Every structure is written in C-alpha cells, then in structure tokens.
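In full-length UniProt numbering, the protein residues as written are 1 to 599.
Laid out in structure tokens, this is it:
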C-alpha cells in the first residue's frame, strides 16, 4: 500500500543526483560567474550623492538578490544532503566549496554597505522616500547602521576570509564529531546501535531503565570526547570574542540582539518575568516525581511519560491529524501543509546515519521548503512536525514580498513554528478520549513550557557565563560541566536530583556560527506566539488573514514595532510576558488536579 505522505523527502526536483549532482555542479559554476560580476559591481559602486542615484541602488539590490537566491538554494540543498546522511563525504566537500562562495559574497556585499554608510544623511532620507527604494527602506537602514558598527572594509574582509577555516570550520568539525557518536542500548529486549538522534528519542520511553541507559551511554560518549568538544567550543567562542573586541563590542549579546531586532530591555524583562514565575513549573516537576515514585526527577526523567498511554501515531496518522486541525484554523495553512506533506518536503524516516534534531530550510529559487526530523510515532513527534511546518508556512506567507524583505529574525521565526505546534497540542488535549490520554497530552504541552522556561533558560545562563569566562582564557571541560550544572540548577529552580553536565557538548545550538546565542529566541517565540494564539482563539477562522499579515511584517520592522502594530502590546513591559506565562500555568493546574484524581 502506497502512503499518501512519503516519509523520505524528495530532493531530485531541486538538483538530481544527490552529492554527485551534475545539475548542482552547473548551478555552482553559474553562481560563481554571477558572483564574479557582483564582486566587480560592488568594487566600483559609488557613494549615492543625489536622489537620482536611487535607480542605481535599486539595480544593485536586484543583483544582490539574484546572487543571494542562488547561493541560498545551493546551501539549503547541501545542508539537506549533510543531514540525511552524516557519512556523505562528498556533501562535506560541497559544503566547504559553498562556504567559500558565501564568504566572497559577504565580502562584496559588505563593500556595498560601507558605501551606503558614506551617503549624506539628508540625501539618504530622500533616497529612501523614492519609488525605487521605498519598499526597501527598513533593510537599507539596517544595513547602513550595521556598517557603521563594523571595521573597515579591508579588516572585515579579512575576518570573513579567515572565518572560513578559523571560525565556521569549528562548527563543521562539531558536525563530524556528532556524526562519529553512536551508542548501544537495550531497547525492549533488543540490543540496538543508535545515532545521537535515535538515542535522544528514547528520553520519553515508558521504561525507566531504557531512558537511563540511553542517557548514561550518551553521557559517557560525551565524556569520552569532552576534550575535543571543549576545544571546539572554546576555539569558536575565542574567534567570536576577538572579532567583537576588534569592533569595540564588549557585550556578547549585542550581535544576537541586533540580529533578532530586539532591545536589551525586552530580553531582560522577559527573563525577569519567567524567573519570578517558575514555582508552578517546579510544582509540576515535583508532582511528576511523585507519580514516577521518586523524590526528585533526574534529567533523564523530565520527558518520561507519567501514565500508560499506548497512543501512537504512524506517520500517515500524524500527518492527517495535523492537516485536520490546521484546517480548523484556516484554509491556507491546511492547503499549504497538505501540499508539503504530499509532495515529499519532509524527511522523517527513523534510520541510522541521520543528524540529530530537526529543522526547516527554505529553497528561495524554487519557492519551496524542506523539513528534517526523525519520526518515531509519539505525540511529541507530531508536535515537532507541526512546528517545522509552521516554519515552512512562514516562508510561504512571505512569498508576495520581495526577496530582500523576507529575511526575518530568529525570534519571530520561532513564533510561526510554535503557533502551529500549539494548534496541534491544544487539539490533541481536546480530542482525548480517556483521562489517561488527556493527562499524557496535557503533559506534552507542559513539557514545552518547561523546555522554554527552564531548559532554554539554562542554555542562556550557561552561554552568557561561559562567554564572560572565555574572555579571560580557555575554559576547560571540567569547568564547562560545572557551569552547565549550575545553570540547570538555577533554571530548573532546584527541581532536579541530577542534571546533564555534558549538555554543552550535546547541543548543536552552541556551535552554530551563523546565529550566536541560539537560545533566547525560542522562549521569545513561544511567549509571543501565545499572544498571537490567544487572538486567534478569540477571532476564529477569520484571523488567518491577519496572521499572515503579521508574518509578512516580520522582516520589515523591529520586534517591538511588530508587537505594537499587530497585538497592540508593549513587550518592554513585564505584564506582556506574564500574561503568556499565566496561560501556561493553567495547564499545570489542570495536570495536578487530574493526576490527584488518579490517586
């Protein structure tokens, strides 16, 4: 029987032949030629000094977009090859080749931004008000301000060039290290050799001994290679800190805040609100420990099921569940998701040699996305699939916008994904047939609050403290373990009997060079999307159009402006964040009530 929704993604329509693709080779060569022309155009671009120069700027913007689209198309495809098979050595070579092209593009683009910086402020205002440039006013202003914060063109060019083998290469080394890790775990009486992603999926296994064995085996693997991971993390951070120092930047959060288009006060007040309202989630973890017959939960118990729930969704069922409930929100989300699932946009098969984790990548030239995950049938997997489809829908909503106005920040990127996840999680709870099923699904929702308010907070605390210590020299693996355990103790409000000391080695997000501090945007997106979701529930199906309008604005205004325009909320005020947290505590109250009734 043929499945409606293929579990293995379709990549040949993008470039046929995988890492041996002749089409990809042709595309890369053509992109290289376009890039050479772009470099020449950037080198000879003069400072705009009159309003009539708007046409010249607009023409260069089109050239920028053209080269960028080709580069991102190839980069996304190569990323898919790397994720689907960690043993694909040809894909790793392609990744290095692409990194060089991207570095050249960034250097040439920087020259353009430096030229914009020299434009007289009065002329600049006039240029942005012209018909040619009006729609690009936000991004052009952003680029100009960014150039003002950078070093000279030559110095930044040198940083970009050296970054290929001295910065981004550390991130690539991490991928190789992760790919080399596998563990043997006894699962249901069968000794299995598992990748990191497969072993991580066992964190929610019904059998406590399986969860503990998977955790212990992984922890031993991280410990065995801890010096390699510590060297990688320290070198990556050292490069970043030296770069900041040269630019006169002392606050390591300056760049991630700029990239997320948000103010420091917004970030501070968000964490303050969370820190002041952790007790309900500590109560939940304490109640869960009771239900599992423990005084306190260990790290490997946090995702453990508290009731026997045989409910499992094969991939077909999970896909249908998502489509059905997306349809209750709006026809566009339903239609888009059905198309993505039916046309092989998702890589979900549970098999060896895949990278751990999940992601959604966009292919701007073909106007498509691809989603990567490892699906094993749990409700959590269904929620992850919905989450990644939310990302893809965000990209879809931005299609009417010019390519240069589609570059949204990560914090608002997580809004669309979390919003989609909430639709499915809420629907699952409401559709529960038995009390056990309802408890299980309700807990799945609460687990996300714990992840965003506690786990992500621990990552943020660890990373900020690590970077401060790294300014004074290399931080050894033993100290990294201490910092991580301290962060987990604080973030989980003392609710755990033991933490995960090598979490810093296991988490890809600490090693991503393109996006520094890949943590707080998740929590932001979660709470921000709660406000959007509350509006959606209030307004019903008619809200979809307003929702898509919000998504279209995510790349052309600051986070604070976006919230004020579409939600009428001031997100620099603690009250905004407390409203979202209060919604999450209701789930905890219901969970504690239902489990108390269980006796």
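We put the CB at the ideal spot given by N, CA and C, even for glycine. Since we're looking at a predicted model, the values are computed, not measured.
Checklist entry - How is the alpha helix (DSSP H) around residue 334 delimited, first residue to last? => result If you number the chain shown from 1, residue 334 lands on position 334. 331 to 342 is the span of the alpha helix (DSSP H), which, as asked, contains residue 334.
Checklist entry - By the 10 Å Cβ neighbour count, where 16 or more other Cβ atoms means buried, how is residue 36 classified, buried or exposed? => result Taking the chain shown and counting its residues from 1, one reaches residue 36 at position 36. With fewer than 16 neighbouring CB atoms inside 10 Å of its own CB, residue 36 falls in the exposed class.
Checklist entry - Tell me the DSSP bridge mates of residue 184? => result Here the question's residue 184 lines up with position 184 in the chain shown. Per the DSSP secondary-structure output, residue 184 pairs in a beta bridge with 193.
Next on the checklist: Quick check on DSSP: helix, strand or coil for residue 10?
Outcome noted: Translated into the one-based positions of the chain shown, residue 10 becomes position 10. Three-state DSSP puts residue 10 in coil, outside helix and strand.
Next on the checklist: So, for residue 408: in the same chain, excluding its five sequence neighbours on each side, which residues have a beta-carbon less than 6 Å away from its beta-carbon?
Outcome noted: By 1-based counting over the chain shown, the position of residue 408 is 408. Hits under 6 Å: 554, 555.
Item to check | Residue range of the alpha helix (DSSP H) that includes residue 583 | outcome: Here residue 583 refers to the residue found at position 583 when the chain shown is read from its first residue. 574 to 597 is the extent of the alpha helix (DSSP H) around residue 583.
Item to check | Minimum length 4: unbroken alpha helix (DSSP H) runs contained in the stretch 422 to 459 | outcome: 435 to 450, all fully within the stretch 422 to 459.
Item to check | Where the beta strand (DSSP E) through residue 496 begins and ends | outcome: If you number the chain shown from 1, residue 496 lands on position 496. Where residue 496 is concerned, the enclosing beta strand (DSSP E) stretches over 496 to 498.
Next on the checklist: Output needed for residue 588: all residues of its chain with C-beta closer than 7 Å, excluding positions within five of it in sequence on either side, in chain order.
Outcome noted: Here residue 588 is taken as the residue at index 588 of the chain shown, counted from 1. Hits under 7 Å: 280, 281, 283, 284, 446.
Checklist entry - Around the Cβ of residue 561, are there at least 16 other Cβ atoms within 10 angstroms (buried) or fewer (exposed)? => result Looking up residue 561 in the chain shown gives position 561. With fewer than 16 Cβ atoms within 10 Å of its Cβ, residue 561 is classed as exposed.
Item to check | Rounded separation between residue 431 and residue 299 - CA only | outcome: Against the chain shown, residue 431 aligns to sequence position 431. Against the chain shown, residue 299 aligns to sequence position 299. When rounded, the distance between both Cα atoms is 30 Å.
Checklist entry - Smallest Cα separation from residue 273: which of 524, 590, 8, 261? => result For the purposes of this step, residue 273 is identified with residue 273 of the chain shown, where counting begins at 1. Distance from the Cα of residue 273 is smallest, within the candidate group 524, 590, 8, 261, for 524.
Item to check | Counted within 10 angstroms of its Cβ, other Cβ atoms place residue 233 as buried (16 or more) or exposed | outcome: As a first step, residue 233 must be located in the chain shown, where it is residue number 233. Classification of residue 233: buried, given that the 10 Å Cβ count is 16 or more.
Checklist entry - In three-state DSSP terms, what is residue 346? => result By one-based count along the chain shown, residue 346 stands at place 346. Three-state result, residue 346: strand.
Checklist entry - Quick check: the stretch 27 to 36 against the stretch 338 to 354, are there 3 or more CB pairs under 8 Å? => result No, the stretch 27 to 36 does not touch the stretch 338 to 354.
Checklist entry - Cα separation between residue 476 and residue 54? => result Numbered from its first residue, the chain shown carries residue 476 at position 476. Numbered from its first residue, the chain shown carries residue 54 at position 54. Taking the straight line joining both Cα atoms gives about 53 Å.
Checklist entry - Run through DSSP, which three-state label would residue 297 get? => result Taking the chain shown and counting its residues from 1, one reaches residue 297 at position 297. Looking at residue 297 - three-state DSSP - the assignment turns out to be strand.
Next on the checklist: At the level of alpha carbons, what is the spacing between residue 424 and residue 392?
Outcome noted: Here residue 424 refers to the residue found at position 424 when the chain shown is read from its first residue. Here residue 392 refers to the residue found at position 392 when the chain shown is read from its first residue. Rounded to the nearest whole angstrom, the CA to CA distance from residue 424 to residue 392 is 16 Å.
Checklist entry - residue 370 bridges to which residues according to DSSP? => result In the chain shown, counting from the first residue as 1, residue 370 sits at position 370. Looking at the DSSP assignment, residue 370 forms a beta bridge with 361.
Checklist entry - Can you give the beta carbon distance from residue 435 to residue 267, rounded, assuming they're within the 8 Å contact cut? => result Sequence index remark: in the chain shown, residue 435 carries index 435 (1-based). Sequence index remark: in the chain shown, residue 267 carries index 267 (1-based). Actually they are not in contact, since the Cβ atoms of residue 435 and residue 267 sit about 40 Å apart, beyond 8 Å.
Checklist entry - Does the beta-carbon of residue 114 have 16 or more other beta-carbons within 10 angstroms, so that it is buried, or is it exposed? => result Against the chain shown, residue 114 aligns to sequence position 114. With 16 or more other Cβ atoms within 10 Å, it is buried.
Item to check | Span separating the alpha-carbon of residue 428 from that of residue 546 | outcome: By 1-based counting over the chain shown, the position of residue 428 is 428. By 1-based counting over the chain shown, the position of residue 546 is 546. Between residue 428 and residue 546, the C-alpha separation is close to 25 Å.
Checklist entry - From which residue to which residue does the alpha helix (DSSP H) around residue 314 run? => result Working through the chain shown from its first residue, we reach residue 314 at position 314. For residue 314, no alpha helix (DSSP H) segment is defined, and its DSSP state is neither H nor E.
Checklist entry - Rounded to whole angstroms, how far is the Cβ of residue 444 from the Cβ of residue 379, which I believe are closer than 8 Å? => result As a first step, residue 444 is located in the chain shown; it is residue number 444 there, counting from the start. As a first step, residue 379 is located in the chain shown; it is residue number 379 there, counting from the start. Indeed they touch by this definition, with Cβ atoms about 5 Å apart.
Checklist entry - Expressed to the nearest angstrom, what Euclidean distance is found between the alpha-carbon atoms of residue 10 and residue 26? => result Counting from 1 along the chain shown, the entry for residue 10 is found at position 10. Counting from 1 along the chain shown, the entry for residue 26 is found at position 26. Between residue 10 and residue 26, the C-alpha separation is close to 20 Å.
Item to check | Burial state of residue 17 (16 or more Cβ within 10 Å) | outcome: For the purposes of this step, residue 17 is taken as residue 17 along the chain shown, with counting starting at 1. Residue 17 comes out exposed.
Next on the checklist: I'd like to know whether the C-beta atoms of residue 376 and residue 201 end up nearer to each other than 8 Å.
Outcome noted: Residue numbering aside, residue 376 sits at position 376 when the chain shown is read from its first letter. Residue numbering aside, residue 201 sits at position 201 when the chain shown is read from its first letter. The Cβ-Cβ distance between residue 376 and residue 201 falls below 8 Å.
Item to check | Status (buried if at least 16 other CB within 10 Å, exposed otherwise) for residue 599 | outcome: Looking up residue 599 in the chain shown gives position 599. Note that residue 599 has pLDDT 48, beneath the 50 cutoff, so the model's placement of it is unreliable and the number below is only indicative. Exposed is the call here.
Checklist entry - Skipping 5 residues on each side, what residues in its chain have a beta carbon closer than 7 Å to that of residue 490? => result Along the chain shown, one-based indexing puts residue 490 at 490. Excluding residues up to 5 positions away in sequence, 461 lie with their Cβ nearer than 7 Å to the Cβ of residue 490 in the same chain.
Checklist entry - Counting Cβ pairs, one atom from each stretch, are 3 or more of them under 8 Å apart for the stretch 221 to 239 and the stretch 174 to 188? => result Contact annotation: the stretch 221 to 239 touches the stretch 174 to 188, with at least three C-beta pairs closer than 8 Å.
Checklist entry - What did DSSP end up calling residue 151 once you bin it into helix, strand or coil? => result Reading the chain shown from its first residue, position 151 is the one you call residue 151. In this structure, residue 151 counts as coil in the three-state DSSP scheme.
Item to check | From 349, 531, 320, residue whose alpha carbon lies closest to that of residue 335 | outcome: If you number the chain shown from 1, residue 335 lands on position 335. The option with the nearest alpha carbon to residue 335 is 320.
Item to check | Sufficient close CB pairs (3 or more, under 8 Å) joining the stretch 103 to 111 to the stretch 61 to 78 | outcome: Yes, they touch.
Checklist entry - Fully enclosed by the stretch 84 to 159, which alpha helix (DSSP H) runs are 4 residues long or longer? => result As summarised for the stretch 84 to 159, the continuous alpha helix (DSSP H) elements at least 4 residues long and confined to that stretch are 89 to 117, 121 to 128, 137 to 149, given in chain order.
Checklist entry - Can you give the beta carbon distance from residue 622 to residue 412, rounded, assuming they're within the 8 Å contact cut? => result The chain is shown from 1 up to 599; residue 622 falls before or after that span and cannot be answered.
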